[in-house]
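Protein chains: 2
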Amino acid sequence: MSVVRTHMSVTLDGYVAGPNQSLDKPFGDGAEHLNDWMFALRTAREMFGEEGGETGASDDVFRERLQNIGSVVMGRNMFGGGPGPWGAEQWKGWWGDNPPYHVPVFVLTHYARAPQPMEGGTTFYFVTDGIESAMRQAKAAAGDRDVVVGGGANVIQQALRAGLVEELELHLVPMLLGDGERLLDKLGDTAPSFEPIRAVVGTGVTHLKYRVRK
Amino acid sequence: MSVVRTHMSVTLDGYVAGPNQSLDKPFGDGAEHLNDWMFALRTAREMFGEEGGETGASDDVFRERLQNIGSVVMGRNMFGGGPGPWGAEQWKGWWGDNPPYHVPVFVLTHYARAPQPMEGGTTFYFVTDGIESAMRQAKAAAGDRDVVVGGGANVIQQALRAGLVEELELHLVPMLLGDGERLLDKLGDTAPSFEPIRAVVGTGVTHLKYRVRK
Chain P
1 MSVVRTHMSV TLDGYVAGPN QSLDKPFGDG AEHLNDWMFA LRTAREMFGE EGGETGASDD
61 VFRERLQNIG SVVMGRNMFG GGPGPWGAEQ WKGWWGDNPP YHVPVFVLTH YARAPQPMEG
121 GTTFYFVTDG IESAMRQAKA AAGDRDVVVG GGANVIQQAL RAGLVEELEL HLVPMLLGDG
181 ERLLDKLGDT APSFEPIRAV VGTGVTHLKY RVRK
Chain L
1001 MSVVRTHMSV TLDGYVAGPN QSLDKPFGDG AEHLNDWMFA LRTAREMFGE EGGETGASDD
1061 VFRERLQNIG SVVMGRNMFG GGPGPWGAEQ WKGWWGDNPP YHVPVFVLTH YARAPQPMEG
1121 GTTFYFVTDG IESAMRQAKA AAGDRDVVVG GGANVIQQAL RAGLVEELEL HLVPMLLGDG
1181 ERLLDKLGDT APSFEPIRAV VGTGVTHLKY RVRK
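Just so you know, the protein sequences line up as chains P and L, in that order.
Just so we're aligned, residue 1 is where the first sequence starts under the working numbering, counting upward by one.
Just so we're aligned, residue 1001 is where the second sequence starts under the working numbering, counting upward by one.
Written as structure tokens, this is what we have:
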């Protein structure tokens, strides 16, 4: 069954990035280690062609997260490439010639551009008419598999406001930032309800899964 | 073994109270239901002389939380009684003649006052020389049992900054407030480190326990 899901590493005080984010420093000040728990895992190391890494509860959660993905939706900043209108039309994302997605990826942007096929099954499609359109296209592309809203926070907030997310997983990292960008913010009266369905303690991270309803 | 521990209900966006807190509305706007998960439990209902209530994971966590307590430290607002030099010297807290503590309770305040013995073993002591003194007195009173920093957020922050908390339990309630008082805030460079040691999913709440180190 197809589920629309999203996930993000969040500090214990609710931040997904520190202050002063930029293209050079996408996680802002102080948040450089927010995803260290992930890069330490065997499954993540395998994705980058490296050996070793941690097995156990967090690796199980992360491996599950990678399964059954049919398409991905992401924001302009997560795709990267400098400010608009595609100063570098040849920009193909941060991930090299063979991105780790291997499925259609819908990039929400204000600047139209032809689809960008990559090696390994990833194609970047550029959607200029909003989150609902991007999600509709991603669902069609995913078929029976899941749609992942990959981030950043702004796109996840758009999808939450539109009532289009069914499952949220927070990887709660016990560090404090005190300032920066928050995930569960700017939702106003359109905030959905969250029902906790799973909590797993890993090494230096807790994985919290919620069912999300309009 | 004696442990210094604290616990608090926290919204998914990190608030322990809404905006506009007052003596009449100690949880501020919008947070009236923050502790509903607790009042629904069999163990909580028993404390108030009521029958019935929910059993299961959350009730187990809450019952454990109540065990082995030797003393409590709380702030002036949690004890209540109005502003100033004890306009009402006879104020004896929110809890009636027989408060649900049954141990020495150390109230951090700027206004000296004689100890207030209550029915059922609770005595309120008023500490005017700061968090370290309150914690020292509470530890001495607790002996081999635990010291609980009961709240509010301000007192917990003082204890965290002073490196005096060993265990933190967050009862993470999946509601959003968007504004209000945050628990893990105002810690600055004195923030301790948190190691996740347990996560339990209850009904409409997730219980997260952390070991805290200076």
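Built from N, CA and C at the ideal position, the CB exists for glycine as well.
Keep in mind it's a predicted model, so treat the numbers as computed, not measured.
Could you spell out where the beta strand (DSSP E) holding residue i opens and where it closes?
{"i": "L:T1043", "result": "Not the beta strand (DSSP E): L:T1043 falls in the alpha helix (DSSP H), residues R1042 to M1047."}
{"i": "P:S193", "result": "S193 to V201"}
{"i": "P:R211", "result": "T206 to R213"}
{"i": "L:M1008", "result": "V1004 to T1011"}
{"i": "P:L176", "result": "From DSSP, P:L176 is part of no beta strand (DSSP E); its letter is neither H nor E."}
{"i": "P:T123", "result": "T123 to V127"}
{"i": "L:F1027", "result": "Where L:F1027 is concerned, there is no enclosing beta strand (DSSP E), given that its DSSP letter is neither H nor E."}
{"i": "L:L1108", "result": "P1104 to L1108"}
{"i": "L:A1017", "result": "Y1015 to A1017"}
Under a Cβ-count criterion, where at least 16 other Cβ atoms within 10 Å of its own Cβ denotes burial, should residue i be classed as buried or exposed?
{"i": "L:D1059", "result": "buried"}
{"i": "P:W94", "result": "exposed"}
{"i": "L:S1009", "result": "buried"}
{"i": "P:T55", "result": "exposed"}
{"i": "P:L41", "result": "buried"}
{"i": "P:Q248", "result": "Outside the displayed span of chain P (1 to 214) sits residue 248 of chain P, for which this structure offers no information."}
{"i": "P:N98", "result": "exposed"}
{"i": "L:A1112", "result": "exposed"}
{"i": "P:P192", "result": "buried"}
{"i": "P:Q67", "result": "exposed"}
{"i": "L:G1120", "result": "exposed"}
{"i": "P:G28", "result": "buried"}
{"i": "L:V1023", "result": "The identity of residue 1023 of chain L in the sequence shown is Leu, whereas the question assumes Val. It is exposed - the Cβ of L:L1023 has fewer than 16 other Cβ atoms within 10 Å."}
{"i": "L:A1142", "result": "buried"}
{"i": "P:A199", "result": "buried"}
{"i": "L:T1122", "result": "buried"}
{"i": "P:H110", "result": "exposed"}
{"i": "L:G1049", "result": "exposed"}
{"i": "L:G1096", "result": "exposed"}
{"i": "P:G150", "result": "buried"}
{"i": "L:T1011", "result": "buried"}
{"i": "P:H33", "result": "exposed"}
{"i": "L:G1052", "result": "exposed"}
{"i": "P:T128", "result": "exposed"}
Could you give the C-beta distance for residue i and residue j, rounded to a whole number, given that I count them as a contact under 8 Å?
{"i": "P:V155", "j": "P:F124", "result": "About 14 Å separates the two Cβ atoms, so there is no contact after all."}
{"i": "L:P1174", "j": "P:E195", "result": "7 Å"}
{"i": "L:M1038", "j": "L:P1100", "result": "The Cβ separation is near 12 Å, so there is no contact."}
{"i": "P:E167", "j": "P:R5", "result": "4 Å"}
{"i": "P:V201", "j": "P:A31", "result": "Actually they are not in contact, since the Cβ atoms of P:V201 and P:A31 sit about 22 Å apart, beyond 8 Å."}
{"i": "L:V1147", "j": "L:M1135", "result": "7 Å"}
{"i": "L:G1152", "j": "L:N1035", "result": "Not quite, the Cβ-Cβ distance comes to about 13 Å (not below 8 Å), so this is no contact."}
{"i": "P:A159", "j": "P:I197", "result": "Actually they do not touch by this definition, with Cβ atoms about 19 Å apart."}
{"i": "L:L1187", "j": "L:Q1157", "result": "6 Å"}
{"i": "P:R65", "j": "P:H7", "result": "6 Å"}
{"i": "P:S2", "j": "P:K214", "result": "Contact flag wrong, Cβ pair sits at about 17 Å."}
{"i": "P:T190", "j": "P:R145", "result": "Not really, about 27 Å apart at Cβ, beyond 8 Å."}
Grab the span of the alpha helix (DSSP H) containing residue i for me, first residue to last.
{"i": "P:K92", "result": "Counting along the chain, P:K92 falls outside any alpha helix (DSSP H), and DSSP gives it neither H nor E."}
{"i": "L:E1054", "result": "That residue, L:E1054, is in no alpha helix (DSSP H); it is neither H nor E in DSSP."}
{"i": "P:S133", "result": "I131 to A142"}
{"i": "P:A153", "result": "A153 to R161"}
{"i": "L:R1076", "result": "R1076 to F1079"}
{"i": "P:M38", "result": "D36 to F39"}
Name the chain A residues whose beta carbon is nearer than 9 Å to that of residue i?
{"i": "L:V1205", "result": "The structure shown contains no chain A; the protein chains it does contain are P and L."}
For the stretch 1174-1185 of chain L and the stretch 1002-1017 of chain L, state whether three or more C-beta atom pairs, one from each stretch, are separated by less than 8 Å.
-> yes
Relative to chain L, which residues along the stretch 5-29 of chain P have a C-beta separation below 7 Å, given in chain order?
-> L12, D13 and G14
At a Cβ cut of 7 Å, what residues of the stretch 56-78 of chain P count as close to chain L, listed as they run along the chain?
-> none
For the 8 Å Cβ check, are there 3 or more pairs between the stretch 69-82 of chain P and the stretch 198-211 of chain P?
-> no
What residues in the stretch 125-142 of chain P bring their beta carbon closer than 8 Å to a beta carbon of chain L?
-> none
Residues in the stretch 1185-1202 of chain L with C-beta within 8 Å of chain P's C-beta atoms, listed in sequence order?
-> D1185, L1187, G1188, A1191, S1193, F1194, E1195, P1196, I1197, R1198, A1199, V1200, V1201 and G1202
Mind checking the stretch 1161-1175 of chain L against chain P and listing, in chain order, the residues whose C-beta falls within less than 7 Å of any C-beta there?
-> P1174
Residues of the stretch 1033-1054 of chain L with a CB closer than 8 Å to any CB of chain P: list them in chain order, please.
-> none
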